[in-house]
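In what follows, a single structure is set out as structure tokens and then discussed.
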Amino acid sequence: MTKKLLMSFRNADGNRVSLSIDDPRANVTDAEVKAAMQMVLDENIFDSNGGALVQIVDATIIETTKTDLDVEEA
-7 MTKKLLMSFR
3 NADGNRVSLS
13 IDDPRANVTD
23 AEVKAAMQMV
33 LDENIFDSNG
43 GALVQIVDAT
53 IIETTKTDLD
63 VEEA
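This is the structure:
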């Protein structure tokens, strides 16, 4: 199983822009993620095709499970 932290922002053009972080810490808190996202905005760390990131939209941790299937012919 893999986990990703997906953080979504709005840029200056009003478009949604997402940043993902692989394998976030298991006990990461809402407050820590919000503080990190606010720092991204305050420090103008990232830019997008639609301009600077200007607003926090949401954050989600996504868990993906992979199951291999045996489909080889004998």
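Per this note's numbering, the sequence shown runs over residues -7 to 66. For every residue, glycine included, the Cβ atom is placed at its ideal position computed from N, Cα and C. None of the values given here were measured: they were computed from a predicted structure.
Assigned secondary structure, residue i (DSSP; H/G/I helix, E/B strand, else coil)
| i | result |
| --- | --- |
| Lys26 | helix |
| Met(-1) | strand |
| Val32 | helix |
| Ala44 | strand |
| Ile13 | strand |
| Val63 | coil |
| Asp5 | coil |
Residues that residue i bridges to, as DSSP identifies them
| i | result |
| --- | --- |
| Glu80 | The structure shown does not extend to residue 80, since the chain is modelled only from -7 to 66, so the question has no answer here. |
| Asp50 | Ser0 |
Same chain, Cβ closer than 6 Å to residue i, five either side skipped, listed in chain order
| i | result |
| --- | --- |
| Ala51 | Met(-1), Val25 |
| Asn7 | Gly42 |
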